[in-house]
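The structure appears below as structure tokens.
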């Protein structure tokens, strides 16, 4: 016969941690705590299978099947707690809590009933036994209210307040009370009667006095709440199967508000902020759990050490501290000692930092909950390393303990914890590039450079940024834009620079003419101080102190372990020697994407580029390209040198040509003047370059195949650079990447050009270097025909940014109009530009890899989209069998850790 | 032992038609003609296998292997022709032609040598025996020239003329000749010497006098030419495998220029223009084959009947005709009779109209070539039906005889054949929509309607068209645009209307202000007559008479057969009752795509649409949508009625909203005035709707999921329309199609809205109708996750236009910048927007169909992109197992035929 109910209590339990699927997370943990001798209020768990039965076969059949087991379990609980359920005697009655508990936590989604067992009889016994009439009647009225709401379905009428709250307000008004705490026992008794009447009026049924009826009603309500709207929605959002069901945990109530010998608190086995191995926490005497977090009374520290530190910080004298805010260690030394032993036991048992809830009822310690504690990124790293060194966990476990994304917190400046408490938030934008920045507002890239030249710290504020702002962005502490999403120019470039950026702050209205921005009418002028939190998107008024990251120590140890356990390499996306060096210091092994177009904007280069665009024929283009050649060669020398000995994937020109021409008439006239041609001609050319959907237009290898001379120049610059370095005794490894291939023929044509140029250069220089020719796989058709493409390509690099755009049919620049709504409505679980869509886009990546390797067994395969630095996407890349992932320099450590974790898993 | 050489001649042959792979097309046919008793100059074929051997093992090994067989074959040829190869006696020598001949025709790609066997000795015998010294020496000098070029590789120096031509010019200059025909035998003898010297000077080798050496040299040259550049390029373009190789055909030369008793000509067994069963052709006495086509002499008709008709048309008296241009029937009655018998025999044998080449040498008829003749669309249909009725071919063969695309010629007006001969071409654009049109130029849609109202025929000339031009386009005979490609608005709409259109005529410069267009400076004013050929893109000056199509008769018979042999249905893309009726008359069984957005432009509707777009909230949008509801319902009633009893797939709103707003300031102000709101607000809204890549932006179901009220209105209009019709006793079958699905969730959300609305309407009306909810598969991700999508969708319709755009990453609107170059360079075989890319896009279509059916076995699957009317794509759809294809009304017959052919194949 199937067992439906599992008891726990008094150091015994029928369940254990491993039975999570059957007992839910909470139930399994309650059982486990009992097993290891931690004092836990006794109770029992009705399995998740019963929930499924309940939803399939209905209440009657289900309850008939479990009735006997539940009754036995209540008896066992009575015995363990030495109390009687619905006691008619004068013993303190057994009061129960009834809570949901699914396999995975679904916080707040399902129903809970507390103080079950209270009725007109037991309330009196509680009042008498506790010596606290107010406590007893308050508990009773709370129970009726909760039961009426959760079990009996009392609801507010449309447009009115909750009917129970209406009764409470009535008495408060009558008596002139401000707070609920002012209620007298007599008030509460009246409230009990009023509540009962509400229930009768609203439901036509009486509030049940019988504890057993109360119990069954509550169990039914919890099971039923598995299918309430918000739970279904939550499951859909988090992709939790409907079949899992919830368990029901029935547990004896304990009270921390039964007098001076009672208390309640929360504690951490280590410091959640720093990771230090210091037991810490807060508690309140004669209080309920919610009082600790409510902030009405000042919670006290648990340890004496903590208490002393706290008092010092708060400027409280030792006398006052001892008198008014003693630590638990001082106030209840015996219980404290037990708690300290328990916390140690729990951490040893779960081998991780625990977040505990406890209640002391009349001098007796009860543990209500233990779970792995949340922690900062820094603490996460420190704890993992410490526990590994303590021998508590092994290397692999330590690795898996660190969430890769949280490393980000360690890589950028952060706000000083104390300073940020006083900061005033002006507005919020998107957390486009992490870190903290504080500086004086400027509205122009040139101004930024000028101010920086004077030694000022600046924050560049723009509606949007463009390639011309690059150098200004580079000297700023942070960048704020009023438009653009997570993948706008500002966001992408800032992430590449590892620079803090808040983008798309819609409330910020920039007025360049007035040199100010306004938020809700308040103006911030050039020179005013503001601060940005690129990890949250918050914008603060004024200066907020920041702290620089520390990259050695524990962080370094984790990175060493990542190196040891990884299979995949991590490369970086870098367009400059500086970025390449940064990434190299973070452990990047090569460059996965060097975009050449950024090099086209600097200084006089843009002039030559525009000259090329305006040329009427091939010879005109060649003339302009000749001017670009030495610049490009110099760029490539710098980058190949910075990554000497490692592969450097250089992508040929990718963007449509109109990105290099100015759109406004004034700049066009300027351009015409510089090039010595009529302004009309410039305008006509710019117009002729206009495209309806530039993303799907004349770009990528389509440029190189229609203007082969561009590819020739770039190939020559790369190969010449490599030859020059080799002559200097270095070991350059260029990998030339052709973008936007849709057919193998396109690649073949580009490859021929490149190989011909390389052969020429080798002959001219008398030096040969190894180089590869490969391609981006970023067009669906390229993935679908990867077997054909691989016959020519020596490597594949999945450009998952564009591949996502085309596979979904989403323009990144425009998706802002519907993506947020889609995420909100649960139509998409993640922004597919941030987290690789494994179901759809991933199919193409997998297919492309498999087909590619079917044609060329040792084909080198990598990824160079934004996803290359996103942990779940990195894991996918590992599973697919990629050789490397590539990401922006500041994501390199994250990707390295994710890659190692993927390999361990 | 493998046989390498196959002889033919004198009514015998070692090969036959079925041996095409081994003997090449030409060789197999020469053999076959011999077998059926047609007089063919004897000769032999060296197999394609020898070509492969030649290219792998080289000349020496290959020729050693075939030497004996070739020598035997030459002997056999000598015997058959009663002539000696390289004869030293005074017999007429055997002269040979050496020609290539692959499995499939590769016209002009490989080398040919004629008059082989001529040398210093034989030339004299030929002169003597033919009694024509000039003929002999001219043949000789031609042979040397050809041999020098083809076999010995004499080439022009860079920047100079051909060295043989230089010698010819020298003599012409010396003698003051204008034409080659003025050369005397003495001149030709000098030329022979000069040519020999050229060869010696250029190659260092002497021209070989030995006929055997000539023969082997020529065979080697032909085999070698399989791998010349243009042949390789041609094979790549036409995807002909390199391994196939070419055969070499060596055949006795015959001469039609040996005097008055010789002649040469071409003939057709039926009339290639009309299909009538009339033997016809042209010939010239004492001439070579090239003279007939060169146009220097007027060719004469073969039959007397033809000759009489020709004379009448040319205005030539019977006397003159008889004297100067007698028919072959009259001039050489015996030979004519033999030719007539031969043509009958050949048609009976090949069971198709034959295109013949013949030569009469000194009163003896020789057939040089027979092949299936090219014909007009009308002739194609008539011949297929006639031959079927004659019992020559069966129904299936008759079906396969008609190229579906050629039906187009029958469905539209065409220019009168005589009238077009005098027409003057002004310029050329793209053949955007077939047919012929003649009318007076107007530049404005309103003007078009006004002129039409006055009874004038007009041609609408615009730089580009937009939805506002619809009604103007509808009343015009044809449309001419100076910009835009094959898929521009004008092109797509015109094809839908079955209206002639020439688009993207770049030489046409439109000046609206002056009401004129100019081509190369010449102006055409409003009211001037022009004519358009939408099948060729040609634009003619003035009126050119047109002839209307005739759709019954043979065409009807072919369509009936299509009906009998098809498995797939053919639906139509139609947005109006008129289009639906047209398509119904062409045999469409339902509508595969009814676009609802076109309905949003007419009259006052656009105002309501704009009101909706400008609304600040849902209630504002609902108010505007309520105005649209009755219009939409009326539209749907009309369309459902026109296709009563057949499925009508209605696509919900698809384009981005900015397509409904005006872009120029003036129209914006007008719009603001109409809606009674400030112009700034309109401008701001229009700006906020701007997208960088609208193709990948806020459109399709993304609109319906962010503004569900739009879907509600459209669903209501559709269901109400259907209910109304059902109440009238009709049988409407609406199929509601959700566009641009990328995830199943998007479809699910739309489906819920539609089903809820339908349930409401059924309740309100007290009537229920059957309806389906399905989706377009036009986003790669939808195809990749089709199994998920099919759990909700009741049908799939592949939108291969958008699917092609996203799979290739090509914007149709912008691809004009590189697609033509790609096609020219052979990077693409076809424009993927015209011919479905089976390799890439096809994979997604196949995958989508399979995955969809794996989830829902009976899932209805169709296609509604432009490809639905393109024969090779229709065949693909059949193979994939689609239920139907859908195309524009005027492509319905084509698709029906293609579908039937696919089923037969």
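Residue numbers (full-length UniProt numbering), protein chains in the order written: chain F, 1 to 905; chain S, 1 to 905. In this text, a Cβ means the ideal position worked out from N, Cα and C, and glycines have one as well.
Residue i: buried (16+ other C-beta within 10 angstroms of its C-beta) or exposed?
i, result
"residue 30 (chain S)", "buried"
"residue 303 (chain F)", "buried"
"residue 104 (chain F)", "exposed"
"residue 513 (chain S)", "exposed"
"residue 361 (chain S)", "buried"
How many angstroms separate the CA atom of residue i from the CA atom of residue j?
i, j, result
"residue 628 (chain S)", "residue 729 (chain S)", "26 Å"
"residue 580 (chain F)", "residue 603 (chain F)", "21 Å"
"residue 657 (chain F)", "residue 515 (chain S)", "35 Å"
"residue 756 (chain F)", "residue 204 (chain S)", "33 Å"
"residue 260 (chain F)", "residue 502 (chain F)", "50 Å"
"residue 879 (chain F)", "residue 588 (chain F)", "20 Å"
"residue 574 (chain F)", "residue 485 (chain F)", "21 Å"
"residue 28 (chain S)", "residue 19 (chain S)", "6 Å"
"residue 724 (chain F)", "residue 638 (chain F)", "11 Å"
"residue 124 (chain F)", "residue 46 (chain F)", "30 Å"
"residue 187 (chain F)", "residue 156 (chain F)", "23 Å"
"residue 969 (chain F)", "residue 811 (chain F)", "Coverage of chain F is limited to positions 1 through 905, which leaves residue 969 (chain F) absent and any answer about it impossible."
"residue 559 (chain F)", "residue 384 (chain F)", "12 Å"
Using a C-beta cutoff of 9 Å, does residue i count as contacting chain S?
i, result
"residue 694 (chain F)", "yes"
"residue 616 (chain F)", "no"
"residue 698 (chain F)", "yes"
"residue 802 (chain F)", "yes"
"residue 467 (chain F)", "no"
For a test of the three-state rule: what should DSSP assign to residue i, helix, strand or coil?
i, result
"residue 226 (chain S)", "coil"
"residue 776 (chain S)", "strand"
"residue 588 (chain F)", "coil"
"residue 353 (chain S)", "coil"
"residue 251 (chain S)", "strand"
"residue 367 (chain S)", "strand"
"residue 843 (chain F)", "helix"
"residue 524 (chain F)", "strand"
Could you tell me whether the Cβ of residue i comes closer than 9 Å to any Cβ of chain F?
i, result
"residue 105 (chain S)", "no"
"residue 463 (chain S)", "no"
"residue 797 (chain S)", "no"
Rounded to whole angstroms, how far is the Cβ of residue i from the Cβ of residue j, which I believe are closer than 8 Å?
i, j, result
"residue 136 (chain F)", "residue 126 (chain F)", "4 Å"
"residue 980 (chain F)", "residue 898 (chain F)", "The first residue shown for chain F is 1 and the last is 905, placing residue 980 (chain F) beyond what the model contains."
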